[in-house]
Structure formats: C-alpha cells, structure tokens
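Contents: one structure, followed by commentary.
Numbering (the numbering used here), first residue to last: 30 to 730.
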C-alpha cells in the first residue's frame, strides 16, 4: 500500500481506512511528556493578538496586548521562545527542501511528539506567526526606518505589498482558519471528565476528527511558511506569474479543507458538550453525597480539570496544584472579582493571616479565592480587579477563574446559595462541606474559629460570654487595651451632635469625681456625611475618643455578623442573657440612629445597656454615682441610682475581717469580687492550747 509514500499519498482523498492508518501512525509518534505544561490558551491569545496587527479581519480578543505575553510554562528544559524558534526554523528548512509535504508534516509531528495535542497546534501556530510577524514588521517600516530598509534589502524582501493582495489574502485566511481549528482542539482537550461523562462512541469519533484536524493544521503551517519564504525571494516580475497564483490557490484549497474539518469537529464537540452539560451537574452533586479518603477528588473536579496547576500563591510568587491542599481544611472564598471594600480586605487579612494563632495553625487550613462575576462573562474591569487583588492577597486564588466550567459555577450558585455576596464555604480534609458560610465566624473570631465548621460555631457561642470583647475585637488597639487592662468604658452611638456634646461634658464630670470611664463614639450603621461632620467637630472641640470612618464601618460589621451567626446557630441566643440584650440593642441601633450606650468592664461577662430615656437618666445621676461607686462598683451604683434593685442572686464568696474592724463596721459591706451586698456573721475562734490546759487542770482537781 502506498498510503504514506511520497507524492503518491494524497490526504485530500483519504478513505476511512486510510484515515485510520494515518491516525495510527500519528498516535505512534505522539509520546507526551507530562512534565511539559504550557498554557496553550494563553499562547493562542498571543498568536491572535499578533495577527490583529497584521490583518484587519482579526479583532483583539483580550483588549490588552501586554498582559497576553504572560504565558505560563512548566517542565520545559529550555525557554519557550527557544522552543518556538526551533520549530519555526525546522518549518522554514522544510520549505527549502522541496520534499514531500506529507513526509515533512510527519517529521514535524515527531518534533512535537513530547507535547500534548493542544500544545502541538499552538506551538506550530506560534512558530508560523512569528515568521509572518517578522516579515510584516519589516515591510511596514521599510519606508520609514533605515534599519528596516537595510534589513529588507539584505533579505531581498519586496518593498510594496499592494502587489501581493491575492497571496496575502489567501495567507491571512488560512492562518485565520488554522486558529479557528486550534480553538476547537483546545475546547475538546479542555472538556472535563471525558472518560467518565462521555459515551465511548462520542470519544472515539471526536478524537479521530481532532487527530486529523491537528494533522492539517501542521501541514498548513508548512504551506504558510513556504509562501512567506517565497515573498522574501520574489521578484517584481514574478508577482503575477502563474506559479504565484497557483500557490495562492493552493492556500485557498487548504482553507476549504480545514473549514470542512472545523465544521465536522465543531459538530462532534457540540455533541460532547451537550452530554457533559447534562451529566456534569449530577456528577458534582453526587460527589458531595459520598465520603472520600481526602479532598483531592473534590478539588480536582471543581478546579483542576483543565489545568494541572490551577492555583496561584502570590505571597510565594508561584503556581500550585491541588495536591498541596491535601490534609488541609479548605476555605473557598467566593465573591465578585472586586471582593470587598478595601477596609474589609485589610480586616480579613488581619483576622486570618495576621492573627496570633495563624503561625500555630496556619498550615492546617488554606483559603482559595474563587471570583465569580455578576454576569456570565468576564469584563475587562472584572479581569483587572482580579489580577490586581490576586497579586496582592496573602492566600491562594484560582489562576483562570473565567475558565471555570459553567456547571461548577451553577452548582456554586444553586447548591451553595451564592447570591453575589461574599461567602466562605468550608471543606474538611476529606472534602465534605462542613459550613456553607463561615464568613461571620471569621469576622468575629478569626483564626480562633478553626476548623470553621458549623459545630465549631455552636461551640464558640456556648463558650462566648465576653460581650464587649466580641463587639470590638481587632478593630482598634485602643479598644483592645481597654479590654485587656480591665477598665470600665462605654461605646455609644448617635447622629445628634448636641447629645454627644452633653454626654462628653457629663463624662468629664464623672472623671473629675474620680470615676474612670472611657467613652468611644462608634457612629451608627452605614455612617454618612453626618458622621463625618460629627468626627470633625469631635476633633475640633476635643469631645473624647471617636473611631475613624473606616473603623466605624468595621465596628458595625461585627454586630451584623453576630446577628447572622446567631440566626444560624438558633439556640445560641439562650446561652447568655447579656448577649440577648446586646442583640436587641443592636437590632434597635441598626434600624434607627437614636441614642444608645453599652457600658462594660474589660473581660467581664456583664454589660449594661442604656438607650433613649435611660441614657439621659443615667447622665443626670452623676452625684449619686460618685458617692456609691467606690462601695458598690460602677454597675451596681448606676442601677441603685436609677432605682433598679440590686441583683437578688446571693453572694457565695467568703471574706474574714479582723474582729475590731468587723465589729466597728456598721455600714453595708459589698463583696470585693461580685460587688453584691454581703451578710455579716460573727465567728468565734477557739484556742486549742488553752482549752487543753483547762481540761487537764480540771482532771487534776
């Protein structure tokens, strides 16, 4: 059989048997090295962008030429540019050999043997377009640049391209068709879970079409390079010769052949996509219904079907595979490409990355940012936001979030209830979803919330009793110091500057009476221009301590998180009466901008809630507070002054006073620890030695 022998082989007239034999030979040559990883899609964008400057037919696919040059390559023993140069050199050499085009194509297959199918076609296209781009660049500059003119003279290139209209049209059209075919090859290679989701017949038929398409892309590349080489040596009197016209029509015939293959492959690809579109959503749902040995299968299906290194670690400036997440709790931070406001981003970094516990447990969990735009397509603004933030944040992010399969995105939106507001979905070390949204846990407790499961959230609420600390943790160092030093202080909110001035005047009187009580203004929810004006007046008139606008927003983030978290953990509200009071106040304060105040002491579990009339009553009772605070403590003194009965819960602490001091004390004594009034008892101590001597004397008598 003369199938693969020289000029007797005509691929345009292949029978099905001959086509099968050709595929067998191609597969024998195909020997991919799995260490060679080239971002074929990105390199194809570079090819398309290059052609955009050559032919007006091409539109710019990315609208960002400089960024398209960041092509990621791993495992190659040489630079990508050198590999492309070597392929282009081999193609050009074959152009001058005048050998059999089929044999030259098979030799090119051998050169590309270690690469995957998508890399084969894209590297070949890059080699051809680099040759064409160099030719076009010189001819465009020949009349304006002396160096270009001299280079054109050395290469014997034509000075006028308008005489090559037919040839250039054929060449541009063929490269355009090759790029179209290459995109189809990349689309098929990028289909997820082919072996699991596609019928056997669909796989076999589509792959056969893909192999033949790859063959014709490589064969056409040699023809393109041959035409470009002819341009360089073509004399003016040869432009309209029969040979050049025949060469142009040869390129048109290749366009026709490749177009037919594209139509066939596109139809087969559409069938595969429909099968996967029907079966992939069920595959994802089933994946989360069964237990796994680790989290690798889950993460692979979600993120690593098209890319062996799907993650980017900007802090270490490297790309990662999902195997680096084995035996770790994985937090999927799902949001729009702009993520949060800048103050929330910094606060999240502080709560997780800069948290004191991070050094101890940071290796046990990982955060992956999964940006999903509002619409189904990525805009240039979305991509710019993602690139900027992903290069700045200290956690992992998806390298190409726009390449996430639509079934994965739909699963996230439907099954995980993602509604364009940021959520943190937590996967355990065995890939099980343990929390559909841990973001409120993270705002409230930071890394302390590890492993961020719903059971851990319930546990934290059962333990939580330090209300003031819960409200202000991590917002401002001053507030943190007040808590740690055990000082009395209050936080208050209002949009009434007159009330704020009156409050601060009263606080000055309280301090002058020897009562230490710091007050911090926290504004109100969604502070507006009014809050900014209040801050300006407070600074100008020295009205005490106020949080900045940024820290006000962070403060109000915590009450909102408390409210959301308690709503998820239903029974949590029953664990602490103080928490219930705070929740009622926060609901009141969030819905209105009326006057309110919370008073507490350091790490104490007790707080006092005052609002509206109660605040004013408290402010008017300063003299009585000053008289009783030393004996009863601040809380009890305020309650006594406001006519509230002291807690009826008895004091169980014991304190022994010397006889003289105890007998002389007629006034009420309060416990130094719980500040409740104590009941006085007289205890008589018997001297054991004197008693024994008296008994001995009695016996003698």
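Cβ atoms here follow ideal geometry from the backbone N, Cα and C, with glycine treated the same way.
> Quick one: does the C-beta of residue 141 sit closer than 6 Å to a heavy atom of the ligand MG?
Replying inline: Summarising the ligand content, the structure contains no ligands, and the ligand MG is consequently not present.
>> Taking its Cβ as the centre, do 16 or more other Cβ atoms sit within 10 Å of residue 307, making it buried, or is it exposed?
In response: Counted from its first residue, the chain shown places residue 307 at position 278. With fewer than 16 other Cβ atoms within 10 Å, it is exposed.
> Who are residue 364's beta bridge partners in DSSP?
Replying inline: Indexing the chain shown from 1 puts residue 364 at position 335. DSSP lists 400 as partners of residue 364.
> Which first and last residues belong to the beta strand (DSSP E) in which residue 453 is found?
Replying inline: By 1-based counting over the chain shown, the position of residue 453 is 424. Segment 452 to 456, the beta strand (DSSP E) holding residue 453.
> Rounded to whole angstroms, how far is the Cβ of residue 395 from the Cβ of residue 334, which I believe are closer than 8 Å?
Replying inline: Here residue 395 is taken as the residue at index 366 of the chain shown, counted from 1. Here residue 334 is taken as the residue at index 305 of the chain shown, counted from 1. Not a contact, Cβ separation roughly 20 Å.
> Quick one, are the C-beta atoms of residue 470 and residue 481 less than 7 Å apart?
Replying inline: Walking along the chain shown from the start, residue 470 turns up at place 441. Walking along the chain shown from the start, residue 481 turns up at place 452. Cβ distance < 7 Å, so residue 470 and residue 481 count as in contact.
>> Just verifying my parser: in three-state terms, what is the DSSP assignment at residue 323?
In response: Residue 323 sits at position 294 when you count from the first residue of the chain shown. Reduced to three states, the DSSP call for residue 323 is coil.
> Hey, out of 201, 250 and 200, whose CA is closest to residue 134's CA?
Replying inline: What you label residue 134 is simply residue 105 of the chain shown in a count that begins at 1. For residue 134, the closest of 201, 250 and 200 by C-alpha to C-alpha distance is 250.
> With respect to the beta strand (DSSP E) encompassing residue 521, which residues constitute its N-terminal and C-terminal limits?
Replying inline: Against the chain shown, residue 521 aligns to sequence position 492. Taken as a continuous stretch (DSSP letters only), the beta strand (DSSP E) holding residue 521 covers 517 to 522.
> For the candidate residues 227, 300, 117 and 517, whose alpha-carbon lies nearest to that of residue 26?
Replying inline: For residue 26 there is no data in the structure shown, the boundaries of the chain being 30 and 730.
>> Helix, strand or coil for residue 357? Go by DSSP, reduced to three states.
In response: As a working note, residue 357 is residue 328 in the chain shown. For residue 357, the secondary structure class from DSSP, reduced to helix, strand or coil, is coil.
> Which first and last residues belong to the alpha helix (DSSP H) in which residue 435 is found?
Replying inline: Translated into the one-based positions of the chain shown, residue 435 becomes position 406. Its alpha helix (DSSP H) spans residues 435 to 444.
> From the DSSP output, which residues share a beta bridge with residue 638?
Replying inline: Against the chain shown, residue 638 aligns to sequence position 609. 627, per the DSSP bridge assignment.
> In chain order, which alpha helix (DSSP H) runs of at least 4 residues are fully inside the stretch 175 to 212?
Replying inline: Whole alpha helix (DSSP H) segments, 4+ residues: 175 to 184.
> Beta carbon of residue 411, beta carbon of residue 402: below 7 Å?
Replying inline: Locating residue 411 in the chain shown gives position 382, where the first residue counts as 1. Locating residue 402 in the chain shown gives position 373, where the first residue counts as 1. Yes, Cβ-Cβ distance for residue 411 and residue 402 is below 7 Å.
> Can you round the beta-carbon distance between residue 242 and residue 214 to whole angstroms, since I take them to be within the 8 Å contact cut?
Replying inline: Within the chain shown, numbered from 1, the residue matching residue 242 stands at position 213. Within the chain shown, numbered from 1, the residue matching residue 214 stands at position 185. Residue 214 and residue 242 do touch by the CB rule: their CB atoms are close to 6 Å apart, below 8 Å.
> Closest by CA to residue 53, which one among 385, 254 and 138?
Replying inline: Translated into the one-based positions of the chain shown, residue 53 becomes position 24. If we check each option's Cα against that of residue 53, 138 comes out closest.
> Looking at the structure shown, is residue 378 part of a helix, part of a strand, or coil, going by DSSP?
Replying inline: Sequence index remark: in the chain shown, residue 378 carries index 349 (1-based). Residue 378: helix per DSSP, three-state reduction.
> Is residue 300 helix, strand or coil when you go by DSSP?
Replying inline: Locating residue 300 in the chain shown gives position 271, where the first residue counts as 1. Note: residue 300 maps to helix in three-state DSSP.
> In its own chain, which residues sit with a C-beta less than 8 Å from the C-beta of residue 46, not counting the 5 before and 5 after it?
Replying inline: By 1-based counting over the chain shown, the position of residue 46 is 17. Nothing meets the Cβ criterion.
>> Contact between the stretch 553 to 565 and the stretch 533 to 543 is defined here as three or more beta-carbon pairs at a separation below 8 Å; is this criterion met?
In response: No, they do not touch.
> If you draw a straight line from the C-alpha of residue 254 to the C-alpha of residue 210, how long is it?
Replying inline: The residue given as residue 254 occupies position 225 in the chain shown. The residue given as residue 210 occupies position 181 in the chain shown. Cα-Cα distance, rounded: 18 Å.
> Where does residue 15 fall in DSSP's three states?
Replying inline: The chain is shown from 30 up to 730; residue 15 falls before or after that span and cannot be answered.
> From which residue to which residue does the alpha helix (DSSP H) around residue 497 run?
Replying inline: Counting from 1 along the chain shown, the entry for residue 497 is found at position 468. The continuous alpha helix (DSSP H) containing residue 497 extends over residues 496 to 501.
> Thinking C-beta only, is residue 474 closer than 7 Å to residue 497?
Replying inline: If you number the chain shown from 1, residue 497 lands on position 468. If you number the chain shown from 1, residue 474 lands on position 445. No. Outside cutoff.
>> Comparing C-alpha positions only, which one of 153, 145 and 131 sits nearest to residue 119?
In response: Indexing the chain shown from 1 puts residue 119 at position 90. Taking only the C-alpha atoms, the option nearest residue 119 is 153.
> Taking the Cβ atom as the reference point for each residue, do residue 235 and residue 149 lie within a distance shorter than 7 Å?
Replying inline: On the chain shown, position 206 is the one that residue 235 refers to. On the chain shown, position 120 is the one that residue 149 refers to. No, Cβ-Cβ distance for residue 235 and residue 149 is not below 7 Å.
> Under the DSSP definition of a beta bridge, which residues are partnered with residue 116?
Replying inline: As a position in the chain shown, residue 116 is number 87, starting the count at 1. According to DSSP, which records beta bridges pairwise, residue 116 is partnered with nothing at all.
>> Alpha carbons only, please: which of 447, 216 and 455 is nearest the one belonging to residue 357?
In response: To locate residue 357, count along the chain shown from 1; it is residue 328. If we check each option's Cα against that of residue 357, 455 comes out closest.
> Should residue 580 and residue 505 be called a contact, given that it needs their Cβ atoms to be closer than 7 Å?
Replying inline: Taking the chain shown and counting its residues from 1, the one referred to as residue 580 is at position 551. Taking the chain shown and counting its residues from 1, the one referred to as residue 505 is at position 476. Yes, they are a contact pair.
> From the DSSP output, which residues share a beta bridge with residue 342?
Replying inline: Translated into the one-based positions of the chain shown, residue 342 becomes position 313. Bridge pairing for residue 342: 347 and 425 [DSSP].
> In angstroms, rounded to a whole number, what distance separates the CA positions of residue 60 and residue 72?
Replying inline: Locating residue 60 in the chain shown gives position 31, where the first residue counts as 1. Locating residue 72 in the chain shown gives position 43, where the first residue counts as 1. One alpha carbon belongs to residue 60, the other to residue 72, and they sit about 21 Å apart.
> Is the CB-CB distance between residue 158 and residue 76 below 7 Å?
Replying inline: Counting from 1 along the chain shown, the entry for residue 158 is found at position 129. Counting from 1 along the chain shown, the entry for residue 76 is found at position 47. When the beta-carbon positions are compared, residue 158 and residue 76 come within less than 7 Å of each other.
> In three-state DSSP terms, what is residue 390?
Replying inline: Taking the first residue of the chain shown as 1, we reach residue 390 at position 361. Taken through DSSP and simplified to helix, strand or coil, residue 390 comes out as helix.
> DSSP state of residue 66, grouped into three classes?
Replying inline: Looking up residue 66 in the chain shown gives position 37. Reduced to three states, the DSSP call for residue 66 is strand.
>> With a threshold of 6 Å on Cβ separation, who are the neighbours of residue 487 within its own chain once the five nearest residues in sequence on each side are excluded?
In response: Working through the chain shown from its first residue, we reach residue 487 at position 458. In chain order, 598 place their CB closer than 6 Å to the CB of residue 487, counting only its own chain and leaving out the 5 sequence neighbours on each side.
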